[in-house]
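Everything below concerns the one structure shown next.
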Amino acid sequence: MASVTNTNTAPPVSPEVLAKPAARALREALGDRVLSIEDFRGDLTITVERRAWVEAARQLRDHADCDFKLFLDLCGVDYLDREDRPERFEVVLHLYSVSRKHHVRLKTPVPESDPRVDTITGVFRGANWFEREAWDLYGIVFKGHPNLIRLLTHESFVGHALRKDYPTAKRHVLKSSKEVLVDIPPGSENLLVNIGPSHPSMHGTFRVQALMDGETVRDAEAEIGYMHRNFEKMAEERTYWQIIPYTDRLNYCSSFMNGHGWALAVEKLLGVPAPPRAEAVRVILSEFSRIMDHIICVSTNVVDLGAITPYFVMFRAREDIYTLLEACSGARLTVSYVRIGGLAQDVPDNFEALCRAALASVQEVVEAGDKLLTRNIIFMKRFKDIGVMDRDEALSWGWAGPCLRGSGVDYDVRKDHPYSGYEQYDFDVPVGTVGDCFDRYLVRMEEMRQSVRIVEQALAQLPGGPVITDDKRVAIPPKSEVYSNIEALMNHFKLIYEGILPPPGETYGYTEGANGELGFYIVSDGQKHPWRVKVRPPCYNIYQAFPHMIRGGMLADAIAIIGGLNVIAGELDR
Amino acid sequence: MTPLAEELLVTFVKIVIVVGALLGGFSVMTWVERRSLAFMQYRLGPNRTGPFGILQPIADGIKLFFKEEVMPVAANKWTFLAAPVVAVATALLATAVIPYGPPFEAFGRTLQIQIADIEVGLLFIFAVTALGVYGVVLAGWAANNKYSLLGGLRSSAQMFSYELALGFSWVTLILAARSFRINDIVDTQAGGFWHWNVVVHFPAFIVYFLAATAEVARIPFDLPEGESEIVAGFHTEYASMRFALIQMAEYINMITVTVLLANLFFGGWHSGVPGMPESLGGFPLGFVWWGLKVAFFLFVFIWLRGTLPRFRYDQLMQFGWKVLIPVAAVWVMTFAVLWVVVGGGPR
């Protein structure tokens, strides 16, 4: 851990950290307003003074040596009663540079007595909801924010739920709903329509309020949080492996991938890799989960366009994939199959046969769906040039995954930062040109074919060996040893009783989820529970742009767009 | 029995037969649609009630009959109640002038399953189906639901636009037959299938087929009830038997346009094969040809639903006004001129 903290002068920083262009550029631009620069497990962390917050974010975005154009995440952290921190709160920003293929973390301490910091919504559009969330859950005020109201909790909720001193057992009875979300101009004769929270094409519980002029959407605003359960607060009171079942409930359409992402993030924090066989199985099941997610997205999207047959045709492949997942884990939807350092158990003997069957049915339905849709004139008329998101806008909103690639940004975590052995597999990353619904559809269809390729390669070279690490601090010993061997018994007891104890520090683990970069920002204080877990849910950034995308369009376009964004309530609201 | 009483009796029997057949047809159609859609989509569809699930419509009817009648508090009560009745009444009224099958000899008279063989049959249908939009508009407005209102608006705009194209598509048939009577138009198509209007008036057929699909609001033109956009459109707030009435009106309209399609463009009860006997053992074979044609085109509507997505509202309107109506109008002009110049037209 290369870290020096000195708040008085420009901090002395180890040369290898300063060699990173972003660190150097920011220190040159801000001088002693940079409080510290650290590098832990490959994560570059820059801490700046509060008054330099917006300037630092802008420098990171615009400086030629930085070019951190992709907004990833912004969150608050509460360091209540922590002697090692200068102030109680911290605001943390994660950015990514597509050109330099580098992540950065920018932090600023915020005192409890004056919990205010300037908004960066002028730098990154995507910061809007993240700052509202930080206000909602931590009570950090963002000066200059256009609409700083509660987002995930109810408008009349009292307190800030993620603060360490918030009583978790406290209950609120909140019944009323906010009637008007959009600004209605005086004298307006437009029709105010609530689309959702229960509406046939709001898959999950989203509420969009639209001000309609006939069939045209004049103004729109979204309200989220109907499925908010504060996963992050729950994670602070669970051990690292107890959190795995909760991750299944994030994006429940591809639950395996969330567990995969979480396990990798914790393994990064621990510095303990999983054995090759576990990684290969993880890749296979993740790719199948990605296929399922894309199938759901594409087929429900066309149901919203009135075509029901492609939905039934394409959904069949999910059955075979669920059969595979069930054979491996015993569960179909919420699989909880990964463990920190590997997998819960080895795959069944007929694993390869089940994979082949699932592959065959995926290939069949993808081609069938392609025939039904891709060259269908009505389908094209409904999708082409609808919901266009250009490249720069998409980056500023913090889009990721198939939606970002549809807008022409070639960023895929599997390719640019290979994890779990993705570097061994040969696959292409499809990229769109226009950024409309049709491009997003094509990208998803092609990704399914590429996932099939990856699975085939991974199956062909599936390594043998154990499926969980032999690191005694991380993995529970096998039951046969626990019952026969006192060391193993003690080891088992210690792990169950004390949990996994990672080193103090903070890491940002990221994988390519079905909707894009799924990140877990973990702050550890060395105890068995994480001090702070922040999920970067890919569809949160994507859905944030949705009300802006539908303004001025037709109602039917709004329905066509939302299906293609693949917003999953479990992941959106956490 | 006086001739008047006899005539009244015959008409009454015809009404019972036609309305009974249409209501039966409506029930069977719901089953056929659900089963065939299911087979297109790797499903089974309703198959528990009776052989092949054929009793499903009866089960549905019983269920709907005993369901609670719900009316929104803010609804306009009498309009809300009247709308489904208007929809069904106009749908049934339009069926009165349509011939169902060929004329046949029975009881010493020449009979035809047609309630009223009036001189202006096509005009009558045009007039009555135009009234049908009132059922939808009233339903959409009375429920006091924004989605219903949007559905009602969409529906009225769509029906008005496509009725024009629908009317245009009939003009050349009327010209050629020199009559508004549907029987006359059917008789011009006797003989080989090359006499059918679908061959002679092919552009008119295309316009009619598309406009009719839009008129009965089937996919790809089902915008008035596009459930993913406006929940269920104009009938969002209807439940129980009122909902069943609206469904009934829709299916009867669908049967009407299909029967018209068979009668006006596909030779009606004429087999299309020269030399085919008129009857077999006293049974007029015309019923068989006619029935096959109607069944086929009813299936085509289901098939379309199983295949296509829905248009967007503005695309639908543009298609109606900028494509269908000009095509129909140009065809009317072209045909009229050709008819006079090339021959066969009025001297």
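Residue numbers (the working numbering), protein chains in the order written: chain G, 7 to 580; chain X, 49 to 395. Yeah, the Cβ is synthetic: ideal placement off N, Cα and C, and Gly gets one too. Predicted model, so just to flag it, every value in this text is computed and none were measured.
Per-residue burial, G:Tyr-503 [other beta carbons within 10 Å of its own, 16 or more giving buried]: One-based indexing of the first sequence puts residue 503 of chain G at position 497. Exposed, by the Cβ-count rule.
Closer than 8 angstroms to chain X by CB, G:Met-395: Along the first sequence, read from residue 1 onward, the residue named residue 395 of chain G stands at position 389. So no, G:Met-395 is outside the interface.
Exposure of X:Glu-167, with buried meaning 16 or more beta-carbon neighbours within 10 Å: Stepping through the second sequence from its first residue, residue 167 of chain X is reached at position 119. By the neighbour-count rule (16 or more Cβ atoms within 10 Å), X:Glu-167 is not buried but exposed.
Short CB-CB distance (under 8 angstroms) between G:Asp-310 and chain X: Taking the first residue of the first sequence as position 1, residue 310 of chain G is located at position 304. With 8 angstroms as the cut-off, G:Asp-310 counts as an interface residue toward chain X.
Collapsed DSSP secondary structure at X:Ser-276 in the structure displayed: Numbered from its first residue, the second sequence carries residue 276 of chain X at position 228. Helix at X:Ser-276.
Three-pair Cβ contact test at 8 angstroms for the stretch 371-378 of chain G versus the stretch 335-343 of chain G: no
Three-state secondary structure assigned by DSSP to G:Ala-6: Because chain G here runs from 7 to 580, residue 6 of chain G falls outside it and cannot be looked at.
Residue-chain proximity (X:Ile-267, chain A), Cβ-Cβ < 8 angstroms: Protein chains G and X are contained in the structure displayed, whereas chain A is not.
For X:Thr-306 and X:Val-342, believed in contact at Cβ under 8 angstroms, the rounded distance: Walking along the second sequence from the start, residue 342 of chain X turns up at place 294. Walking along the second sequence from the start, residue 306 of chain X turns up at place 258. Contact holds; Cβ gap of about 6 angstroms.
Member of G:Glu-293, G:Ala-400, G:Val-104, G:Val-287 whose CA lies at the smallest distance from the CA of G:Pro-354: For this step, residue 354 of chain G is matched to residue 348 along the first sequence. Looking at the Cα atoms, G:Val-287 is the closest of the given residues.
Chain-ordered residues of the stretch 346-372 of chain X with a beta carbon less than 7 angstroms from chain G: Gly-354, Thr-355, Leu-356, Pro-357, Arg-358, Phe-359, Arg-360, Tyr-361, Asp-362, Gln-363
Secondary structure of G:Val-98, DSSP reduced to three states: Translated into positions along the first sequence, residue 98 of chain G becomes position 92. Reduced to three states, the DSSP call for G:Val-98 is strand.
Residue from G:Asp-171, G:Val-539, G:Trp-247, G:Asp-68 whose Cα sits closest to the Cα of G:Arg-345: Numbered from its first residue, the first sequence carries residue 345 of chain G at position 339. Checked all of G:Asp-171, G:Val-539, G:Trp-247, G:Asp-68; the closest Cα to G:Arg-345 is G:Trp-247.
Rounded C-alpha distance that separates G:Arg-177 from G:Arg-138: Working through the first sequence from its first residue, we reach residue 177 of chain G at position 171. Working through the first sequence from its first residue, we reach residue 138 of chain G at position 132. Taking the straight line joining both Cα atoms gives about 22 angstroms.
Segment contact flag, the stretch 225-232 of chain G with the stretch 547-563 of chain G, C-beta cutoff 8 angstroms, min 3 pairs: yes
Neighbourhood of X:Gly-149 by C-beta distance below 8 angstroms, restricted to the same chain and skipping five residues each side: Taking the first residue of the second sequence as position 1, residue 149 of chain X is located at position 101. Only Gln-160, Ile-161, Trp-317, Pro-332, Gly-334, Phe-335, Trp-338, Gly-339 meet the Cβ criterion.
X:Gln-206, buried or exposed, once every other Cβ within 10 Å from all chains shown has been counted against 16: The sequence position of residue 206 of chain X within the second sequence is 158, counting from 1. Answer is buried; the Cβ neighbour count reaches 16.
Partner residues on chain X for G:Ser-105, Cβ-Cβ distance less than 8 angstroms: Within the first sequence, the letter at position 99 stands for residue 105 of chain G. Going along chain X, no residue has its Cβ under 8 angstroms from G:Ser-105, so there is no contact; the nearest lies around 38 angstroms.
Same chain, Cβ closer than 7 angstroms to G:Val-444, five either side skipped, listed in chain order: For this step, residue 444 of chain G is matched to residue 438 along the first sequence. A small correction: the amino acid at residue 444 of chain G is Phe; Val does not occupy that position in the sequence shown. Only Met-386, Phe-389, Lys-390 meet the Cβ criterion.
Under the three-state DSSP convention, the category X:Val-58 falls into: Residue numbering aside, residue 58 of chain X sits at position 10 when the second sequence is read from its first letter. X:Val-58 falls in the helix class under three-state DSSP.
Burial state of X:Val-388, where buried means 16 or more other Cβ atoms lie within 10 Å: For the purposes of this step, residue 388 of chain X is identified with residue 340 of the second sequence, where counting begins at 1. Exposed, since its Cβ has fewer than 16 Cβ neighbours within 10 Å.
Start-to-end residues for the beta strand (DSSP E) that takes in G:Lys-170: Your numbering for residue 170 of chain G matches position 164 in the first sequence. No beta strand (DSSP E) contains G:Lys-170, which DSSP labels as neither H nor E.
G:Tyr-258 - DSSP class collapsed to helix/strand/coil: Here the question's residue 258 of chain G lines up with position 252 in the first sequence. In the structure shown, G:Tyr-258 sits in a helix (DSSP, three-state: H, G or I).
Span of the beta strand (DSSP E), counted from its first residue to its last, around G:Glu-227: Position 221 of the first sequence, counted from the first residue, corresponds to residue 227 of chain G. Segment 222-229, the beta strand (DSSP E) holding G:Glu-227.
Sequence ranges, alpha helix (DSSP H) only - wholly within the stretch 368-425 of chain G, length at least 4: 383-389, 397-403, 407-412, 419-422
Start and end residues, beta strand (DSSP E) containing X:Ala-135: As a working note, residue 135 of chain X is residue 87 in the second sequence. That residue, X:Ala-135, is in no beta strand (DSSP E); its alpha helix (DSSP H) goes 125-142.
Residues near G:Phe-237 by beta carbon distance below 6 angstroms, same chain, minus five either side: Position 231 of the first sequence, counting from 1, holds the residue named residue 237 of chain G. Once the five neighbours on either side are set aside, the close Cβ partners of G:Phe-237 are Tyr-252, Arg-580.
G:Gly-291, DSSP secondary structure in three states: Translated into positions along the first sequence, residue 291 of chain G becomes position 285. According to the sequence as given, residue 291 of chain G is Leu; it is not Gly. Correct three-state label for G:Leu-291: helix.
Chain-ordered neighbours of X:Gly-274 on chain G, where CB pairs are closer than 8 angstroms: Taking the first residue of the second sequence as 1, we reach residue 274 of chain X at position 226. Within chain G, the residues near X:Gly-274 are Gly-312, Ala-562.
Alpha carbon of G:Pro-27 to alpha carbon of X:Gly-354, nearest angstrom: Position 21 of the first sequence, counted from the start, is the residue given in the question as residue 27 of chain G. Position 306 of the second sequence, counted from the start, is the residue given in the question as residue 354 of chain X. Distance between the alpha carbons of G:Pro-27 and X:Gly-354: 57 angstroms.
Alpha-carbon spacing of X:Lys-62 relative to G:Glu-195, whole angstroms: For this step, residue 62 of chain X is matched to residue 14 along the second sequence. For this step, residue 195 of chain G is matched to residue 189 along the first sequence. Distance between the alpha carbons of X:Lys-62 and G:Glu-195 is about 51 angstroms.
C-beta contact flag for G:Asp-416 and G:Val-437 at 8 angstroms: Your numbering for residue 416 of chain G matches position 410 in the first sequence. Your numbering for residue 437 of chain G matches position 431 in the first sequence. Closer than 8 angstroms, so yes.
CA-to-CA distance, X:Arg-226 to X:Glu-273, given in whole angstroms: Translated into the one-based positions of the second sequence, residue 273 of chain X becomes position 225. Translated into the one-based positions of the second sequence, residue 226 of chain X becomes position 178. The straight-line gap from Cα to Cα measures roughly 38 angstroms.
Residue interval of the beta strand (DSSP E) (run including G:Gln-215): One-based indexing of the first sequence puts residue 215 of chain G at position 209. That run of the beta strand (DSSP E) goes 213-219.
Assigned secondary structure, X:Val-184 (DSSP; H/G/I helix, E/B strand, else coil): In the second sequence, residue 184 of chain X corresponds to position 136, counting from 1. The answer is helix: DSSP assigns X:Val-184 an H, G or I state.
Nonlocal neighbours in the same chain, by C-beta distance under 7 angstroms from G:Arg-420, ignoring five residues either side: Here the question's residue 420 of chain G lines up with position 414 in the first sequence. Contacts found: Tyr-428, Glu-518.
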